[in-house]
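J.: One structure, pasted below without further comment.
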Amino acid sequence: MTKYTFTEKQDTRSGFGAGLLELGRTNSKVVALCADLTGSLKMGDFKKEFPDRFFQVGIAEANMMGLAAGMSINGLIPFTGTFANFSTGRVYDQIRQSIAYSEKNVKICASHAGVTLGEDGATHQILEDLGMMKMLPNMTVINPCDFNQTKAATIAIADHHGPVYLRFGRPKVPIFTPDDQQFEIGRAIRFTEGHDVSIFATGHLLWHAIEAEAKLADQGISAEVINIHTIKPLDQQAVLASISKTKCAVSAEEHQLNGGLGDSIAQLLARTQPTPLEMVGVDDQFGESGKPADLMEKYGLSTNDIFEAVLKVLERK
Amino acid sequence: MNNTTQETASTKIEELNKIASQVRRDIVRMVHACQSGHPGASLGCTEFFVALYFKFLRHHAHFNMSGEGEDLFFLSNGHISPVWYSVLARSGYFPLEELNTFRKINSRLQGHPATEEGLPGVRVASGSLGQGLSVAIGAAQAKKQINDPNLVFVLMGDGEQQEGQIWEAAMYAAHYGVDNLIATLDYNGQQIDGPVDEIMSLKNIKAKWEAFGWDVLDSQGNDFESLLPAMQHAIDRTGNGKPIINIMTTQMGQGVDFMVGTHKWHGIAPNDEQLASALAQLEETLGDY
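Top to bottom, those sequences are chains L and S. Under the working numbering, read the first sequence as residues 1 to 317, first letter to last. Under the working numbering, read the second sequence as residues 1001 to 1289, first letter to last.
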């Protein structure tokens, strides 16, 4: 039985919409841009309440990134909204030159990341976005886990000066973090304390890690579940403190193994404290159409995949 | 116009020509010193930069990134950084001797303009083409948002019109009536691989911008007599509900006879002999850096 429960499911993109609306009310510098996906990004409430601070860009993401860079120059805080695929791969050079290299205070907010986008298929299911964004100098990369954390992260990034990539998703997922939380960029959160294995999870996979922890506990295995919501900068201290106790780790994310959270942790461990690590993620494949839950099973992103990865890494200890 | 103002106008043009001659010397010397860079369109746009910074741009003496309360300029075709750097230095943004560091290691004068090293006058990196217009439009809309009546200027290349993002931005600015923006298109007809007409013809570029809903003007960019009234005319037409573009005809390599009108000097540096020949054609009016 897990220590965490939920009574409600909600999509993380709605957490973004709620956070953006709150920012509209509390920070007059915040403006929003959207490339014809206002409904999907849940930006409608902001648009309705602050029509003069909302810019419909049409289906022109490259232009949107440039506009946002330009708007930030005299102190506005632009939040761009479109799908994660169109927020990154489609506009990588615009982000690289006009935003990251130019150190512009732009918040790139990206929904429908990963296979949980579902039926639209691999054209839209980006699994490479965290990698692309974390490779850019100056870029902060955040992947929250539920409605409340996404809302808190949305609010927090307005106070952080510099470019941020905020990634969230489409499906309704359990709400299990507090609604009054303060989001601290770059600070990992420990969900369960354990001594046999560390599980570092981000985004939608955190709930699965929590479920896996309960299943492991039933077998007498004590897992420490740590939420790495900020992929970059990585909370190195939290990772190293946990593995100094557990001596092995599993990473879990809805992303390619190449370039994701596990990749960052592997680099850290290899360079500081070589430790057995198993990585749960998508292994060099594109996704496909289907129900989100079925796709999570098929692509190795389920609770059971985390459970199995733990058993495997314990063998290597 | 009475005699006094006529005299003032012609004196002004004489002064601007002197600055332009010195800027051209700076350009060829900078490119020669590091044996790299883009002299062709830098020379072609010299009158434009001199007119902008020494006559039209309402800007503060001390650089402030936010640019609130002043006109802003963005260079989208960042490869013509030599002319911009020279004009920025000669307008007092940074010491003249810093032009010596162009394209060299540990310099603020990067090959293409950048903000990371904190060079005064530059507000966004550029060089990867097609992005500057979007940035300028965003900055112009932000000015409206904070009730800043100043203007935003942006320069683009003609080869750059081949980038798709330009047309995303063109559509957007007309849709929102961004009329505190003056874009200038350096229409020199050349790009790296050859004449624009051969590489990827722009066909009727004026009609294209008109069709996108812009107020389209034209000018001769290498003649202050034509350029100054054209730039003033563009400024006078702001605030009329449409973004403005000035299609400015220039000669690549203007001012140096062997560089004129050819794409060959788009991105190569003169050797010692060529430098001497170029400098012999350009009067040193304000003192070399």
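We put the beta carbon where it would ideally sit given N, CA and C, even for glycine. No experiment lies behind these values; they were computed from the predicted model shown.
(1) Tell me Leu-277 of chain L's beta-bridge partners as DSSP assigns them.
(2) Looking at chain S, is there any beta carbon in it that lies within less than 7 Å of the beta carbon of Ser-98 of chain L?
(3) For Glu-1284 of chain S, which of helix, strand or coil comes out of DSSP?
(4) Hey, could you find the ends of the alpha helix (DSSP H) Leu-206 of chain L is sitting in?
(5) Please list, in chain order, all residues of the same chain as Val-225 of chain L whose beta carbon is under 7 Å from its beta carbon, the five residues on each side excluded.
(6) Can you look up Gln-267 of chain L in the DSSP assignment and give me helix, strand or coil?
(7) I'd like to know whether the C-beta of Ile-243 of chain L is nearer than 7 Å to at least one C-beta of chain S.
(8) From Leu-311 of chain L to Lys-298 of chain L, what does the alpha carbon distance come to, in whole angstroms?
(9) Is the shortest distance between the beta-carbon of Gly-1267 of chain S and the beta-carbons of chain L less than 7 Å?
(10) Between which two residues does the alpha helix (DSSP H) carrying Leu-67 of chain L extend?
(11) Return the residues of the region 1175-1197 of chain S that lie within a Cβ-Cβ distance of less than 7 Å from chain L, sorted by chain order.
(12) What are the boundary residues of the beta strand (DSSP E) that Glu-184 of chain L is part of?
(13) Between Met-1001 of chain S and the rest of its own chain, which residues show a CB-CB distance below 6 Å, the 5 nearest in sequence each way excluded?
(14) List the residues that DSSP assigns as beta-bridge partners of Ser-111 of chain L.
(15) Under 8 Å between beta-carbons, which chain L residues line up against Met-1200 of chain S? List them in chain order, please.
(16) Evaluate contact between the region 1141-1148 of chain S and the region 1175-1182 of chain S, counting only Cβ atoms and requiring at least three cross-stretch pairs below 8 Å.
(17) Closer than 8 Å by beta-carbon distance: list the chain L residues that pair up with Ala-1139 of chain S, in chain order.
(18) If we count the other Cβ atoms within 10 Å of its Cβ and call it buried at 16 or more, is Gly-1239 of chain S buried or exposed?
(19) Pull up the distance between the alpha-carbon of Val-141 of chain L and that of Asn-1064 of chain S, whole angstroms please.
(20) Name, going along the chain, the residues of the region 136-149 of chain L whose beta-carbon falls closer than 7 Å to a beta-carbon of chain S.
(21) Beta-carbon within less than 7 Å of Glu-1160 of chain S's beta-carbon, same chain only, minus the 5 sequence neighbours each way: which residues are those?
(22) How many angstroms separate the CA atom of Asp-1158 of chain S from the CA atom of Leu-240 of chain L?
(23) Return the chain-ordered list of same chain residues with a C-beta closer than 6 Å to the C-beta of Thr-1004 of chain S, the five sequence neighbours on each side being excluded.
(24) Going along the chain, which residues of its own chain have a beta-carbon closer than 8 Å to the beta-carbon of Met-1252 of chain S, five neighbours each way excluded?
(25) Does any residue of chain S have a CB that is nearer than 7 Å to the CB of Tyr-101 of chain L?
(26) If you draw a straight line from the alpha carbon of Pro-1270 of chain S to that of Ala-18 of chain L, how long is it in whole angstroms?
(27) Given a cut-off of 7 Å, decide if Ser-111 of chain L and Phe-83 of chain L are closer than it, judged by their beta-carbon atoms.
(28) Output the boundary residues of the beta strand (DSSP E) element that contains Asp-1186 of chain S.
(29) Can a CB atom of chain L be found closer than 7 Å to the CB of Met-1001 of chain S?
(30) Please list, in chain order, all residues of the same chain as Ala-1230 of chain S whose beta carbon is under 7 Å from its beta carbon, the five residues on each side excluded.
(31) Suppose you measure from the CA of Lys-47 of chain L to the CA of Arg-53 of chain L; what does that come to, to the nearest Å?
(32) Taking 7 Å as the CB-CB cut-off, is Leu-67 of chain L touching chain S?
(33) Out of S:Trp-1209, S:Asp-1071, S:Gln-1254 and S:Glu-1097, which has the shortest C-alpha to C-alpha gap to Met-1030 of chain S?
(34) Using the three-state DSSP reduction, which class does Tyr-92 of chain L fall into: helix, strand or coil?
(35) Is Leu-130 of chain L near Gly-287 of chain L, with beta carbons less than 7 Å apart?
(36) What residues match up with Ile-199 of chain L in a beta bridge as DSSP calls it?
T.: Taking the structure as given:
(1) L:Ala-249
(2) yes
(3) coil
(4) 205-218
(5) Phe-191, Thr-192, Ile-199, Ala-201, Ala-209, Ile-210 and Glu-213
(6) helix
(7) no
(8) 20 Å
(9) no
(10) 61-72
(11) none
(12) Note, Glu-184 of chain L: premise wrong, no beta strand (DSSP E); not H, not E.
(13) Because the pLDDT of Met-1001 of chain S is 38, which lies under 50, any placement of that residue in the model is unreliable, and the number read from its coordinates should be weighed accordingly. Hits under 6 Å: none found.
(14) L:Phe-83
(15) Chain L residues near Met-1200 of chain S: none, gap ~19 Å exceeds 8 Å.
(16) yes
(17) Gly-70, Met-71, Ile-73 and Asn-74
(18) exposed
(19) 28 Å
(20) none
(21) Ser-1076, Asn-1077, Leu-1129, Gly-1130 and Ile-1166
(22) 54 Å
(23) With a pLDDT of 45 at Thr-1004 of chain S, under the threshold of 50, the modelled position of this residue cannot be trusted, and the question is left open.
(24) Gly-1040, Ala-1041, Leu-1043, Gly-1044, Asn-1188, Gly-1189, Gln-1190, Met-1259, Val-1260, Gly-1261, Thr-1262, His-1263, Trp-1265 and His-1266
(25) yes
(26) 59 Å
(27) yes
(28) 1181-1187
(29) The predicted position of Met-1001 of chain S is uncertain, since its pLDDT is 38 and thus under 50; no value can be drawn from it.
(30) Leu-1217, Ser-1219 and Asn-1246
(31) 8 Å
(32) yes
(33) S:Glu-1097
(34) helix
(35) no
(36) L:Val-225 and L:Val-250
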